[in-house]
Amino acid sequence: MTVAQDGSGDFTKIQDAVYACPAFPYEKVTISVKNGIYNEKVRIPEWNTNVVLQGESKEKTIITFDDNFSKINLGRNSTFYTYTVLVEGDDFSASNLTIKNASGDNGQGIALSVVANRAKISNCNILGNQDTLYLSGKEAKQYFVNCYIEGTTDFIFGSATALFENCEIHSIKNSYITVASTPEGTSFGFVFKNCKLTAEPSADAVYLGRPWRIYAKTVFLNCELGKQIRAEGWENWSKPEAERNTFYAEYNCSGEGFRPAKRVSWSHQLKKNEAEKYTIENILKDDLSGWYSK
C-alpha cells in the first residue's frame with residue numbers, strides 16, 4: 000500500500016493504511032509513505048503484526064503530532080497517551096522517516112512508543128523533548144540502527160531490552176538520557192554500541208542515566224561520549240537501593256565525556272571478557288531467530 004498526500008497513492012493518511020492491513024498476516028505488509036508532513040497520531044494495533052512502515056526519505060517523510068502530558072490531561076498516567084506513533088503489533092519495522100512530538104519543551108511528550116516484540120527501527124529520526132522514546136512490552140526485544148534520537152529529560156525510557164547501534168543520541172539540554180525500568184532478572188536492558196552522544200552547545204551537564212526502577216540496566220560499549228557527559232556519569236534518583244541493584248556500565252568508550260576514574264563507585268567498567276557477551280545475537284535472541292537481520 001502507498002500513502003501519498005497528493006492523492007497519487009492508495010491513501011492520504013497513514014492510519015487509514017493501517018486500518019486496511021490484515022490481522023495476523025503470514026507475510027510482511029508494507030506501507031510505503033511518500034514525502035510529506037503527516038500531522039496525525041498513528042497506532043499499529045496488536046493484531047496488525049508484520050507491518051513495515053517505509054518512508055521515502057528520512058528528512059522529508061515526517062509523522063508529527065503535538066500531544067503532551069498537560070494537553071492529554073488524563074491523570075497521572077497521561078504520558079503514555081501522548082505518543083505520535085504507537086506500535087503494539089509484533090514484528091514491526093520502520094525505516095527512512097521522521098517521527099516527531101512537536102509539543103516543544105512543555106513536559107512529557109512521547110514521539111515513538113513501542114510496546115511490541117521484535118521491532119526494528121532503522122535510519123529514522125526520533126524527535127522530541129522529555130520522554131521522546133518509550134520502549135516496553137513483556138520480554139520485548141527491540142533494535143534501533145543508524146537512527147538519530149534527541150530529547151531533554153529521560154528521553155529514552157522503559158522496560159524493554161533494546162539495542163542501539165550506530166545511532167546519534169542528542170541531548171537538547173542538561174538532564175538525563177536514559178531512565179530504564181528493566182525487570183529483575185532480565186539479562187540486558189538498554190545497550191548502546193558504536194553510538195555517538197552529542198548535545199546542544201548550551202548543554203554541559205548530562206547524565207548517562209538514572210533508574211526508573213531499581214533493577215535498571217544500561218550499558219554503553221565503544222561509544223563516543225561528548226564533553227556534555229558529567230564526570231560521575233550516573234545518578235540514583237534518590238533511590239539508595241538502586242546503587243545495589245542497577246547495572247550501569249561502559250566499555251572501551253572514548254571522547255571528552257568518557258572519564259571512567261570519576262564515575263560513581265556503583266557503576267562498572269567492563270572487562271573484555273564481560274563485554275564479549277554483548278553481541279547482537281545474545282541481546283536480541285528470541286524464538287524467531289535472526290529477526291533483527293531481516
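Sequential numbering from 0 applies to the sequence shown in numbering that gives the first Met the number 0. The C-beta atom is built at its ideal place from N, Cα and C for all residues, glycine as well. Fair warning: this is a prediction, and the values are worked out from it, not measured in the lab.
For ILE30 against GLN53, the beta-carbon gap comes to about 7 Å, under 8 Å, which counts as contact.
Counting C-beta pairs with one atom in each stretch, the region 244 to 256 and the region 206 to 219 have three or more that are closer than 8 Å, which means they touch. The count of Cβ pairs closer than 8 Å, one atom from the region 162 to 172 and one from the region 186 to 195, reaches three, so the stretches are in contact.
Residue pairing for TRP233: DSSP places it in a beta bridge opposite GLY208.
Just so you know, the alpha carbons of ILE168 and THR185 end up roughly 24 Å apart. In the pairwise beta carbon analysis, the region 119 to 127 is classified as touching the region 96 to 109: at least three pairs are separated by under 8 Å.
In this structure ARG229 is buried. Its beta-carbon is surrounded by 16 or more other beta-carbon atoms within 10 angstroms. Of the candidates SER174, CYS222, THR181, GLU199, the residue whose Cα lies closest to the Cα of TYR206 is SER174.
Annotation: LYS99 is outside any alpha helix (DSSP H); the continuous beta strand (DSSP E) that includes it extends over 97 to 100. In the DSSP annotation of this structure, TYR18 is not part of any beta strand (DSSP E); the continuous alpha helix (DSSP H) holding it starts and ends at 13 to 18. Residue environment: GLY225 is assigned as buried (16 or more neighbouring CB atoms within 10 Å of its CB, all protein chains considered). ALA274 sits away from LEU196, with the two beta carbons spaced by 8 Å or more. Secondary structure note for ARG243: its alpha helix (DSSP H) is the uninterrupted segment 241 to 244. Within the DSSP bridge table, the entry for GLU167 names TYR147, LYS195 as partners. Apart from sequence neighbours up to five positions away, the residues of its chain that approach GLN141 with a beta-carbon distance below 6 Å are VAL113, ALA118, LEU134, ALA159, ALA161, ordered along the chain. Under the DSSP assignment, PHE68 falls outside any beta strand (DSSP E), being part of the alpha helix (DSSP H) whose first and last residues are 68 to 71.
For the pair LYS270 and GLY103, the Cα-to-Cα distance works out to about 41 Å. Collapsing the DSSP output to three states places PHE10 in a strand.
Here GLU231 really is in contact with VAL263; their C-beta atoms are around 5 Å apart, less than 8 Å.
ILE120: member of the beta strand (DSSP E) spanning 118 to 121, first to last residue.
By a beta-carbon distance limit of 8 Å, ASN49 does not contact ALA22. Their separation comes to about 10 Å. In the DSSP annotation of this structure, LEU287 is not part of any beta strand (DSSP E), being labelled neither H nor E.
For ILE30, DSSP records a beta bridge to LEU52. DSSP places LYS271 inside the alpha helix (DSSP H), whose first and last residues are 271 to 274. DSSP, read as helix, strand or coil, puts SER77 in helix. Taking the C-beta atoms as reference points, LYS57 is found nearer than 8 Å to ASN122.
Here the alpha carbon of LYS12 sits roughly 6 Å from the alpha carbon of VAL2. Beta-carbon to beta-carbon, PHE143 and ILE120 are separated by about 5 Å, close enough to satisfy the 8 Å threshold.
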